[in-house]
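Only one structure is covered here, and it is reproduced in the block below.
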Amino acid sequence: MPEIVGKSIDLPEIQEIDAQKIISAKLEEARIRHRGNYIVEDTSLYFDCLNGLPGPLIKWFLESLGDKKLAEIALKLGSDKAEARTLIGYIDEKGHKSYFEGKIKGKIVLPRGNEGFGWDKIFLPDGYDITFGEMTKEEKNKISMRKIAFKKLAEYLHSTLN
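When the letters of the sequence shown are read in order and numbered with the numbering used here, they come out as residues 467 to 628.
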């Protein structure tokens, strides 16, 4: 989406299980600080065996436990099923919010690979035999939940702005 310009804005992030509430709060804060239209995103990892946790709290779970321990928890609890999600929030100058989500089902495995960030080494997308951490950036970008969410956003923007 070449028409979007990235800005580095330090926004407070509420701690919440619901990613939409996190995104909504960030959009409101961005709107208070600056004029214009804004996009904010959150990428989360949901474990079936933990009823959806860590979800948007994945950063803190990784910081406390590390990827190997997180994978071991899923494996010990007997369910490796997981879902990776990216939620993008968009707010226009009038304060109207819209949300766009991309999801990829997969499973949790012991860490493999050296690419990506955070939990990429333990997420194996359905239909693949390599983790996000083993994929090149280009391979991951072809299938990522972020790509799915941004595609939905692009369709929305093109339909509302044209």
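Beta carbons are placed, not taken as given, at the ideal position from N, Cα and C, and that holds for glycine.
Bear in mind that the values here come from a model prediction, so they are computed numbers and not experimental data.
Less than 7 Å between the C-beta atoms of residue i and residue j, yes or no?
i      : j      : result
Glu549 : Ala615 : no
Gly599 : Arg612 : no
Ile588 : Asp546 : no
Ser530 : Gly521 : no
Cys515 : Ala540 : yes
Leu576 : Ala537 : yes
Lys492 : Leu477 : yes
Mind checking residue i: buried by the 16 CB within 10 Å criterion, or exposed?
i      : result
Thr626 : exposed
Gly647 : Missing from the structure shown is residue 647; the chain here goes from 467 to 628 and no further.
Phe527 : buried
Gly544 : exposed
Gly572 : buried
Asp533 : buried
Pro591 : buried
Ile480 : exposed
Asp595 : exposed
Lys617 : exposed
Thr597 : buried
Ile489 : buried
Lys606 : buried
Going by C-alpha to C-alpha distance, which of the options sits closest to residue i?
i      : options                           : result
Ile475 : Glu494, Gln481, Ile483 and Lys487 : Glu494
Arg501 : Glu605, Lys606, Gly518 and Asp558 : Asp558
Phe513 : Ile570, Ile489, Asp595 and Lys563 : Ile570
Tyr622 : Gly584, Ser564, Ala496 and Ser610 : Ser564
Trp585 : Arg499, Lys525 and Ala496         : Lys525
Leu523 : Asn517, Ile483 and Phe583         : Ile483
Gly582 : Ser610, His562 and Gly561         : Ser610
Arg497 : Lys560, Gly518 and Met601         : Lys560
Which partner residues of residue i appear in the DSSP bridge assignment?
i      : result
Lys547 : Lys573
Pro522 : Its beta-bridge partners do not exist; DSSP assigns none.
Phe589 : Ile574
Asp508 : Leu553
Glu600 : Note: Glu600 sits in no beta bridge, so no partner.
Tyr565 : Gly555
Segment contact, 8 Å Cβ cut-off, at least three pairs: the segment 496-507 with the segment 540-560: yes
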